[in-house]
Structure formats: C-alpha cells, structure tokens
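Protein chains: 2
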Amino acid sequence: MKRQQKAQQTRQKIVAAAYDVFLQNGFQKTTITQIIKQANIGYGTAYVYFQNKDEIFIDIMEDVMQKFYAIAELPFAPKTKGEAVRLIHHQVRLFLELAVQEKALLQVMKEAIGASSIAAKTWKQIRERFIARIAEDVAYSQKNGLAKRHLQPKLVARGWFYANEMYMWELTEPSVPFSLEEAARHLTEMYTNGVYS
Amino acid sequence: MKRQQKAQQTRQKIVAAAYDVFLQNGFQKTTITQIIKQANIGYGTAYVYFQNKDEIFIDIMEDVMQKFYAIAELPFAPKTKGEAVRLIHHQVRLFLELAVQEKALLQVMKEAIGASSIAAKTWKQIRERFIARIAEDVAYSQKNGLAKRHLQPKLVARGWFYANEMYMWELTEPSVPFSLEEAARHLTEMYTNGVYS
DNA sequence: AAAGAAATTGACACGATGTCAATGACATAA
DNA sequence: TTATGTCATTGACATCGTGTCAATTTCTTT
C-alpha cells in the first residue's frame, strides 16, 4: 500500500507548492516550472496528476468554496421583518468577512476566473448555488407575508447576490474607499427596504 | 503628407483586422499572427503601432465605451418619486439594451477584462465614471427629499451599479434564464423601493 | 532475485511573443 | 532628375512556456 501513499503525497506536494507560487505570483504569471521547482519534483510529474495549471488551481479553489457554501446554507426562517433584516445583515457580514479573511487567495481567484474558463465555470457554480438558496429564502419570506409578492424570487436573488459579489471582490483589493461594515449595512438596508414590506 | 496617411491607414488596418479576429476567436485565442495575416501586413508591423495584443484591444474597446458613457451622462432631474422611477427604469433599459446590442463584443470584453490587466483597468474607469454619476443623482434626489437621507450616495451608487453590471454580463451569455425587460423591472423596483421614500 | 507494475523524469517538438537589423518606399533639396 | 535622408515595413531570431512520451527508477509481487 505504500505505492498509493507516495503518489498521493506527491500530488499534495504539487498542490501545496502551487498554493505558495500562486499567492506569490498570481495566476497568470505562475508557470508549471515554478511549481515543480518549489515542489522538488520533475517537470513531467505535474502532468501525471493534473491536466494543466488550471486544474491545479481548481483543487486549491475548492477548499475555499466549502467555506462559502457553509455561509450560503445558513438557516433562514424569520418570523418578522426585523428578524429577517438581522439575519440578512449577519449573513452579509459573514460573507464579506470571509472574503477579507481569504483576501490573498480571492485576489488570485479573481484573476483565475477571468483567465481560465474552468475556473470561471467553478465560480459560476458557487454563484448559482448562492442564488438558488437566496431565492428559496425570498420565496419563504413571500409566503409568510414578509416580502413583496409581485417580485420573482429568482430575479431578486440574482440582483441581490450580484451586488454582494461585487462588493466582495472590491474588498479584496489593496485599498478600498469604504469599510466592510458600511458595505454590509448599505447592502442590507437597500435590499430589505426594496424587497421586504 | 502622404507618409502619415499611409501610417494611419496601416494602423487602422490592424484595428479592423483585430476586430474581426477577436470576435471570431475570442480574446485569449487570438494571436498577433492571426491579426497581421488578416490585415495583410508583416509581423513586426503590428509592434510598430501597438505594444501588444492588449493594447490593440483597448483601441477597440474604447469605441463601445463611448456609447456607455452617453447613457451614463443622461440628464436626471426628477421632481417626484414617480418621475425618478421612470427615468431610472429608462436608463436601465438603455444600458441593458446596449449590452444586448453589442453582445458579441461584450463577450470578448468580458474575457479580456479577466485576462488582461490593461483591459481590467480600462473597464474600471467606465465603472467608476458610472458610479460617480449615479452618486450625483442619488445626492440630488436626497436634496430634493425623494431619497432616504441616511444612506451614503457613493455606497448606494456602487451597489446599484454592481447589480446592473452583473445583469449586463449575464445578458451577453448565449442563453439567459430571464428577459431584459424582467431584469430591468426588477432592478428598478428593488432599487427605487430600497433607496427612494 | 527476477519480472512486472507503477511512478518519475527531462528532453523534445511546437507555438506564441517581442526585438531588431535590414530593406523598401517616399519626400525634399540640389 | 537624382541623390540623400527619413520614415515605414518586414520576417528571421532568441526566448519562454506548454504538453507529450520514451526511458528510467522505484517499488511490489511471485
């Protein structure tokens, strides 16, 4: 059984080395040569475990995705508008805080999403998962008479997540002209006033 | 004076050829070789007029930018909330319609913005121009008692534009799960209910 | 310990980039 | 008209990154 272990270990060496190099050089400037050098393995070895640079990055990306999913899946069952506002504000904060916490990796992710179609696809999955979940929450609120009924949950969810996502990306930039707290407050307020009644 | 004319003509040949090739192959797959071949010029010539592929694309990008700017600068001086809603809805429609109209180029632009830092910078300029202009409109509405005064115009403008922008990108995709009109209506309604009083 | 299987390797072919010395084409002055 | 300098054009070249694959090393099994 030592054979497979060694192989897995090599795979891990690649991912770990890639993580370092990606954070150091960004997505596009990173080369396979840099990664295998950092991992102390031969050039061809990288291609045994991954198709290309993009695939290696996806591996890294999926770790953070889990953290995002956890926030997306938080329970949401408010009885009043006030409670809904509080829950939403809390969720927005968690979302933006996670972005700031993982700032370095998210910067690389943004670059990767732009440059690699596989990375783009992966991110789109996260997004649609969020939107689907938010749409559920909106529908719930509508059923309970908390939210305006004539709006389509899916379209509301989409617009709402888009605003959040863009604020998130903005927060990963070196200098931002606003604070996380301000962003969370404005997002929540605009949204809840616009959709809840 | 024929000297400069010829040079300008060559430059234009490059841009025109690049436009074709970019639309055909997308941003990343396009190579200098393809462009100079389409333009019927020598390889080195492209580098006389542009630093690289990115610079050529910026030239093309700036044409469409003008159309966006025109929409951003539309006059906004409503006397009532109803009038504001109508103006905003109209502007959103124009914005999204322009996106659909220029769909092919916008798809390439999206790719370029992701892959090229120069293109990203250029797009950011458009965005900030929009946000600055919207912030003015919000401030105007607040002064005239149409909009909630405790919100910061710049943050409101940012969130609002982000939602619009993402819907715009979505509308350039091959198949979209909603109509332009639905998107415009929901955007406008969520926004005006959230910010106007 | 021999044979087979699995893991590792780096040299190679290929394609794209950006540079630059050489060439070609035009304008101006004699 | 010619000659001379200037500007425009060119493609061969050096460089770099990619992905492949035949050869080699390392382990496992008999």
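Residue numbers (the numbering used here), protein chains in the order written: chain A, -15 to 181; chain B, -15 to 181.
Think of the CB as a built atom: it goes at the ideal place given N, C-alpha and C, for glycine as much as any other residue.
Query	Result
So, does the CB of glutamate 165 of chain B fall closer than 8 Å to a CB anywhere in chain A?	no
Would you list, in sequence order, the uninterrupted alpha helix (DSSP H) runs of no fewer than 4 residues that lie entirely inside the region 97 to 164 of chain A?	101 to 127 and 137 to 155
With a threshold of 7 Å on Cβ separation, who are the neighbours of glutamine -7 of chain B within its own chain once the five nearest residues in sequence on each side are excluded?	none
Give the residues of chain A in contact with glutamine 136 of chain B, contact being defined as C-beta atoms less than 9 Å apart.	Phe162, Glu166 and His170
Could you pull out every residue in the same chain whose Cβ sits closer than 7 Å to the Cβ of leucine 69 of chain A, ignoring the five residues on either side in sequence?	Here the sequence assigns valine to residue 69 of chain A, which means leucine is not the residue at that position. Hits under 7 Å: Thr172 and Thr176.
Taking 8 Å as the threshold (beta carbon to beta carbon), is glycine 178 of chain B in contact with chain A?	yes
For alanine 2 of chain A, tell me which candidate among A/Ile40, A/Ala147 and A/Ser163 has the shortest Cα-Cα distance.	A/Ile40
Kindly indicate if chain B contains any beta-carbon less than 8 Å away from that of tyrosine 175 of chain A.	yes
Compute the beta-carbon to beta-carbon distance between alanine 167 of chain A and leucine 139 of chain B, rounded to the nearest angstrom, for a pair I have assumed lies under 8 Å.	7 Å
Name the DSSP beta bridge partners of arginine 180 of chain B, please?	According to the sequence displayed, residue 180 of chain B carries tyrosine and not arginine. B/Ala131, per the DSSP bridge assignment.
Quick one: which chain A residues come within Cβ less than 9 Å of isoleucine 72 of chain B?	Within chain A, no residue comes near isoleucine 72 of chain B; the closest Cβ sits about 13 Å away, beyond 9 Å.
Where serine 181 of chain B and asparagine 128 of chain B are concerned, what is the direct C-alpha to C-alpha distance, given to the nearest angstrom?	11 Å
Within 8 Å (strictly less), CB to CB, does tyrosine 124 of chain A reach chain B?	no
Does methionine 150 of chain A have its Cβ less than 8 Å from a Cβ in chain B?	yes
Which chain A residues are close to glycine 129 of chain B, counting only those with a beta carbon under 9 Å from its beta carbon?	Neighbours of glycine 129 of chain B on chain A: none; closest Cβ ~17 Å, over 9 Å.
For alanine 56 of chain B, which residues in chain A fall below 8 Å Cβ to Cβ?	Under the 8 Å cutoff, chain A gives no residues; its nearest Cβ is about 17 Å from alanine 56 of chain B.
Quick check on DSSP: helix, strand or coil for phenylalanine 60 of chain B?	coil
On the DSSP letters alone, give me the boundaries of the alpha helix (DSSP H) that phenylalanine 79 of chain A sits inside.	65 to 85
Using 8 Å as the threshold, is the C-beta distance between alanine 147 of chain A and valine 179 of chain A below it?	no
At the level of alpha carbons, what is the spacing between glutamine 50 of chain B and methionine 45 of chain A?	37 Å
May I ask you to list, following chain order, the residues of the region 89 to 112 of chain A that have a beta carbon less than 8 Å from some beta carbon of chain B?	Glu95, Ile97, Gly98, Ala99 and Ala104
Run down chain B in chain order and give the residues with a C-beta less than 7 Å from the C-beta of alanine 147 of chain A.	Gly143, Tyr146 and Ala147
Return the CA-CA distance between threonine 106 of chain B and tyrosine 27 of chain B, expressed in angstroms with no decimal places.	26 Å
Quick check: the region 75 to 91 of chain B against the region 155 to 169 of chain B, are there 3 or more CB pairs under 8 Å?	yes
Can you name the residues of chain A whose CB is closer than 7 Å to the CB of valine 32 of chain B?	Under the 7 Å cutoff, chain A gives no residues; its nearest Cβ is about 26 Å from valine 32 of chain B.
In three-state DSSP terms, what is glutamine 35 of chain B?	coil
If we count the other Cβ atoms within 10 Å of its Cβ and call it buried at 16 or more, is glutamate 95 of chain A buried or exposed?	buried
Kindly indicate if chain B contains any beta-carbon less than 8 Å away from that of leucine 155 of chain A.	no
Let me know if serine 100 of chain A comes out buried or exposed under the rule of 16 or more other beta-carbons within 10 Å of its beta-carbon.	buried
Leaving out five residues on either side along the sequence, give the residues of the same chain with a beta carbon under 8 Å from the beta carbon of arginine -5 of chain B.	Tyr33
If I follow the unbroken alpha helix (DSSP H) through glycine 10 of chain A, where does it start and stop?	-14 to 13
Give me the residue from B/Gly10, B/Asp4, B/Ala30 and B/Leu7 with the minimum Cα distance to isoleucine 16 of chain B.	B/Ala30
Can the beta-carbon of alanine -9 of chain B be found closer than 8 Å to that of aspartate 38 of chain B?	no
Using the beta-carbon of each residue, which ones in chain A are nearer than 8 Å to valine 69 of chain B?	Those within 8 Å of valine 69 of chain B in chain A number zero; the least Cβ separation is about 12 Å.
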